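Numbering (my numbering), first residue to last: 8 to 174. Glycine is no exception: its CB is placed at the ideal position from the N, C-alpha and C atoms. Keep in mind the model is a prediction, meaning the values are calculated, not measured.
Okay, structure coming up:
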């Protein structure tokens with residue numbers, strides 16, 4: 008087994024987060040809240056370079072828009088939060104680098120343009136049984152789905168199409 012030395016050109020992607028929220032305490036036990044956020048997520052390295060250190064074409068950052076509204080209850084022995092959320096995830100890549108095997112070889116490729124919608128309701132609670140003993144729980148009902156499709160055209164080093172994959 009022999010390792011090889013390889014370098015790549017430097018790639019630069021900007022990312023950032025903007026979040027805001029408000030909370031209103033109805034009284035000492037009840038509150039309501041609203042949160043909103045925007046994230047621009049720089050791509051992970053496996054979405055920038057393939058396994059042979061070749062850069063993928065047309066890399067795009069992810070964009071996430073999110074809103075959450077909820078209600079909270081707090082008392083000496085019991086506390087709970089109920090929230091509803093909606094998230095639109097633009098250009099969400101898969102967690103792995105996809106590959107396709109052709110008669111010409113194995114090619115890795117990037118997928119741009121897959122959008123996902125995440126929405127759901129969550130309930131978390133804690134019940135203090137004793138001073139040092141709590142019972143905690145969380146229930147979540149969610150609908151997470153990909154809401155767009157795309158076609159990826161895989162090309163070789165001579166820019167000749169060798170495969171096509173539909174998502």
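query	result
Span of the beta strand (DSSP E) around residue 173	168-173
Where residue 90 falls: helix, strand or coil (DSSP)	strand
Interface flag, residue 125 vs chain D, CB-CB below 8 Å	Absent from the structure: chain D. Only one protein chain is present.
Presumed contact (8 Å Cβ cut-off) between residue 41 and residue 28, rounded CB distance	6 Å
Per-residue burial, residue 12 [other beta carbons within 10 Å of its own, 16 or more giving buried]	exposed
Anticipated Cβ contact below 8 Å, residue 177 with residue 121, distance rounded	The structure shown does not extend to residue 177, since the chain is modelled only from 8 to 174, so the question has no answer here.
Proximity test, residue 73 beta-carbon vs the ligand ADP heavy atom, cut-off 7 Å	Looking at this structure, you won't find the ligand ADP or any other ligand, since it has none at all.
N- and C-terminal bounds of the beta strand (DSSP E) containing residue 19	No beta strand (DSSP E) contains residue 19, which DSSP labels as neither H nor E.
Residue 161 burial status per 10 Å Cβ neighbour count (16 or more: buried)	buried
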